[in-house]
Structure formats: structure tokens, C-alpha cells
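Enquirer: This structure is in C-alpha cells; I'll ask about it shortly.
Number of protein chains: 2
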Amino acid sequence: MKENNLRQRLLDTAGRLFYEQGYKQTGINQIIEEAAIARGSFYYHFSSKAELLAAYLDRFVNDWFVGADAYLAKITDPKARITGLIDYRITNQKKRGLSGCALLKANAGLEAGDDELRQHIRILKQKMHDYVAKVVAASGHRQILSNEALTDMVVLLSDGGLVGTAIYHNTNDLEKANLLISQLI
Amino acid sequence: MKENNLRQRLLDTAGRLFYEQGYKQTGINQIIEEAAIARGSFYYHFSSKAELLAAYLDRFVNDWFVGADAYLAKITDPKARITGLIDYRITNQKKRGLSGCALLKANAGLEAGDDELRQHIRILKQKMHDYVAKVVAASGHRQILSNEALTDMVVLLSDGGLVGTAIYHNTNDLEKANLLISQLI
DNA sequence: ACAGGTTTAGACAGACCAGTCTAAATTAAA
DNA sequence: TTTAATTTAGACTGGTCTGTCTAAACCTGT
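These protein sequences, in sequence, are chains A and B. First residue of the first sequence: 1489, per this note's numbering; consecutive thereafter. First residue of the second sequence: 1489, per this note's numbering; consecutive thereafter.
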């Protein structure tokens, strides 16, 4: 159906622009121009810009899980899958433009009243946390840290590394994060 | 001088609003209205909104160092000063509204062409990194990790914790970060 | 052929934005 | 007192923004 074509194209373009420029900095006009889609079509598929952002974040997280599954499936050593999580992020960042995590960036761009979107982001972040927890639990690591503590550590170092990526536009901090993790598993 | 009064009031108000709402989301109109200052006076002291942001970030980092010095001075055990760095951030966050680090938030709100500001933020971030490095080097920690690795770890966990603060509006992640650090020093 | 869902181009409204300008008032310094 | 620096209120420009609307075209399934 054409509906899907247009919807996907809007999500693709908006996602790229939201990620590169930020949500507030990206206007509807730019989105529809770059997607080569009429204004009316945009509002036919999305009732507002905020709804577009929510849909984009959903798809982003979904794609993240699918990509992580595929990436980790190639790693046989369950312990190496923990550092694999960060390697996956490094790969993604290099592919997508070194601007940090879309979720974290979206959160930073929220306005005072966007409580619905903020809650949405919290849920998605929690999902990613749970994903890490599963990988850690199945890793058979050395238990220098508990499963919970190690999970927290991976998530925190990962987020910290992504912050560094957004600032410095390189993956140095993510690589440092992985070095630290590898010493504790 | 009144010049300073007005300038400080503008920096105070703008800083609070930039922090709570974000740079792009905060207009000149709101700043001058809440600071109760005339439009002309604003442009008498700052030539543009971007210049105001740069001045605000400079003052923010400066205050951060002054506050950190004062906070750490009360801690006699040099090792406890490392976790003290995070405790200081927790205190600050609770005081200032649990919206994460102003520097990281400003970076996330930059536009495509703001290379000057981006470079500015990099330098300030590096300064804070160096500050942490000094505290670590003087701590006499157990050397489970090298000085450099431990510094990286503190910075990354701290940034990760601040991301969590910005998303969840609590300091749980910063407290987790400190728990992890305390096990490795 | 027909109907309904989809897409187009573009005008439009209403609001906000950053920054400029004027002219008068206030303050500080000499 | 005179001069210069500072502050005020507010109009104004030119631009951008999201979202609405219209009227015509296009496609698709029946």
C-alpha cells in the first residue's frame, strides 16, 4: 500500500533529521520537503509533530532490539555478549552519525509540558535496561559484581559513553567503557 | 554598579530557564519578562542569545568548580573525595531541579551550525574531566584500575547517572554510580 | 464506471521568534 | 551642572513555526 510507503518515508526522514538536528530544531516544512511529500499527506498520517516523534521513538527502539539480536547472535561466548552490547552501539553510532543516543537526545529536547512524551521515553529506556539485564544474567560472568550491579554498570557506562559521542563526535568514550567492563566480567 | 546587577540577573534567569526548559525552548521574551528587564537592556549587555548561552555556560562551570572545591574541602579522606564528586552532583541536582547536567543538556540542544558553541562545550567538559583526574590522582586508591581508567570510569558513570537524572527526575542512577565506584577504590 | 481512500500543491491563520530602532527617562561620574 | 553611560517601554521588521483548509487529482478495489 502507498500508505505505508509514505508513512515509512516520513518516519525515515523525520528520524534522520530529529537525530541529526534535534526535535525542536527540525520543522515540519523541512521534513516534508526532504521526504518530497505534500503537507496534507503528513497530517493525513500524523495528527501532530509530537505524534510523529512518539512513532519515531517506538520504531527506533524496535529497530534497536532487532539489530542487537542480530549482532549478538553472531557472538557465541555469552560473556562476550556483554561487551558486544557496547560494540553494537559503537557500530550503530559510526553508521548513524556519532550524535549519541536518539532516546537521550529526544529527552533533552522536551519542553516543560511534554509529560506524555517523557513518560514514553522512560518506558522505552526501561525496556533497553531490561534487555541488558537479560544479556548479563545469561553471561556466566565472574560475579565480581552482582547481576544487578553489573547491569547498572553497563547501562551507566553505555549512557556516559554515548554522551561523550554526542559531544566529541567520536566513539572514544564508548571504547573506554568497554575496556572497563571487560576487566570486570 | 548596576551593570553587574542587571547582567547577573539576566544570567540567573536565563540560566534557570535554559536548564529547566532548554536553550531553544526558551525565548528572549520570557527571559526579560521573568528577569523584569527591558528588551533594550538585554541587547545592551549581550549581543545575541548565543552569547548569553556561552556566558551562562562559563559561569556554570566556574560555579561548579567553586562549589566542588568547597564540598570536597569538608572531606578529609582523600579516597572519599572520589565518591564525594558524585555526592556533590547529587546535592546539586537535588538543589537545582533534577534535570541533568546543564552542559550535556546544552550540547543536546545545539543546532547544525553551532560549531563555536559546540567547541566551547568540549573545552568546558575537558576541564571538568581534568578536575576529576586530579582528585583521583591524589586519592591513594587501591590501583585496581589505573588513575586514567578510574578517572574515565568516574566521568562515564557520572555522565550516565546524570542522564538517568534527566530522564527519571531522581538521583537513583547517581547513587548506583557511587556504589559501583566505592567497590573499586 | 463508481466510490472511497489517498495524495497533491499551495494558500492561509495565528502565534512566536530574534534582533533593531526610537525617544525618553534615569543614573553615575566628571 | 554637564556629560556620558545605562535603563526603560514598546513599536516594528522579517522571518519561522505548527496546524488548517480547499479543491483538484490520483489510485484502488468493487
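C-beta: ideal position from N, C-alpha, C; glycine also. Quick caveat, the model's predicted, so the values are computed rather than measured.
Look up T1659/B in the DSSP assignment and say whether it is helix, strand or coil.
Expert: Three-state result, T1659/B: coil.
Enquirer: Excluding the 5 residues flanking L1668/A on each side, which residues of the same chain have their C-beta closer than 7 Å to its C-beta?
Expert: Answer for L1668/A: L1645, listed in chain order.
Enquirer: At 3 residues or longer, what runs of the beta strand (DSSP E) sit wholly inside the stretch 1500–1524 of chain B?
Expert: Counting whole runs of 3 or more residues, the stretch 1500–1524 of chain B contains no beta strand (DSSP E) stretch at all.
Enquirer: Applying a beta-carbon distance threshold of less than 7 Å, which residues of chain A neighbour N1595/B?
Expert: In chain order: A1654 and I1655.
Enquirer: Would DSSP call A1526/A helix, strand or coil?
Expert: Note: A1526/A maps to coil in three-state DSSP.
Enquirer: Could you check how far apart the C-beta atoms of R1610/B and I1578/A are, in whole angstroms? I think they sit under 8 Å.
Expert: That pair is no contact at about 20 Å.
Enquirer: Might you give, ordered along the chain, the residues of its own chain that have their beta carbon closer than 6 Å to the beta carbon of F1721/B, omitting 5 neighbours on each side?
Expert: With chain B running from 1489 to 1673 in the structure shown, residue 1721/B is simply not present.
Enquirer: Could you tell me how far apart the beta carbons of Y1511/B and A1594/B are, in whole angstroms, since I believe they sit closer than 8 Å?
Expert: About 6 Å; that satisfies the 8 Å criterion.
Enquirer: Skipping 5 residues on each side, what residues in its chain have a beta carbon closer than 6 Å to that of N1635/B?
Expert: These residues qualify, in order along the chain: V1624 and A1625.
Enquirer: In chain B, which residues lie with their C-beta within 8 Å of the C-beta of R1610/A?
Expert: Residues of chain B passing the Cβ test: I1655 and Y1656.
Enquirer: Do T1639/B and V1620/B come within 8 Å of each other at the CB atom, strictly closer than that value?
Expert: Yes, these two residues count as a Cβ contact at 8 Å.
Enquirer: If you check the beta carbons only, do K1567/B and G1649/B fall under 8 Å apart?
Expert: Cβ atoms of K1567/B and G1649/B: not closer than 8 Å.
Enquirer: Under three-state DSSP, which class holds G1555/B?
Expert: Helix.
Enquirer: Suppose the cutoff is 8 Å on Cβ atoms and the five residues either side in sequence are ignored; what does the same chain contact list for L1560/A look like?
Expert: Counting only Cβ-Cβ distances below 8 Å, and skipping sequence neighbours, we find R1569, G1572, L1573, Y1576 and V1623.
Enquirer: Which residues, in order along the stretch 1627–1643 of chain A, keep a beta-carbon less than 8 Å from a beta-carbon of chain B?
Expert: Under the 8 Å Cβ criterion, the stretch 1627–1643 of chain A contributes L1633, A1637, D1640, M1641 and V1643.
Enquirer: Using 8 Å for Cβ pairs, my map puts F1548/B next to A1590/B. What's the rounded Cβ distance?
Expert: So it is a contact: roughly 5 Å between Cβ atoms.
Enquirer: Beta-carbon separation of R1497/A and I1525/A under 8 Å?
Expert: It is a contact, given that the beta carbons lie within the stated cut-off.
Enquirer: How far does the alpha helix (DSSP H) with Q1581/B in it extend, from its first residue to its last?
Expert: That run of the alpha helix (DSSP H) goes A1568 to R1584.
Enquirer: Under a three-way DSSP split, which group does T1564/B fall into?
Expert: T1564/B: coil per DSSP, three-state reduction.
Enquirer: Please report the straight-line C-alpha distance between A1523/B and I1673/A, rounded to a whole angstrom.
Expert: The straight-line gap from Cα to Cα measures roughly 53 Å.
Enquirer: Within 10 angstroms of the Cβ of T1564/A, are there 16 or more other Cβ atoms? Answer buried if so, exposed if not.
Expert: Classification for T1564/A: exposed.
Enquirer: Taking Cβ-Cβ distances below 9 Å as the criterion, which residues of the stretch 1505–1525 of chain B are in contact with chain A?
Expert: If the cut-off is 9 Å between Cβ atoms, the stretch 1505–1525 of chain B has E1508, Q1509, G1510, K1512 and Q1513 near chain A.
Enquirer: How long is the line joining the alpha carbons of G1515/A and F1506/A, rounded to whole angstroms?
Expert: Roughly 9 Å between the two C-alpha positions.
Enquirer: If I'm right that A1596/B touches A1596/A with Cβ under 8 Å, what's the distance once you round it to whole angstroms?
Expert: Going by Cβ atoms, the distance from A1596/B to A1596/A rounds to 3 Å, so yes, they are a contact pair.
Enquirer: From the beta carbon of K1622/A, is the nearest beta carbon of chain B less than 8 Å away?
Expert: Chain B contact via Cβ: absent.
Enquirer: For S1536/A and K1615/B, what's the separation of their Cα atoms in angstroms?
Expert: Answer to the nearest angstrom: the Cα atoms are 41 Å apart.
Enquirer: Relative to the alpha-carbon of L1545/A, which residue among L1612/A, D1557/A and Q1518/A has its alpha-carbon at the smallest distance?
Expert: The shortest C-alpha separation from L1545/A is found at L1612/A.
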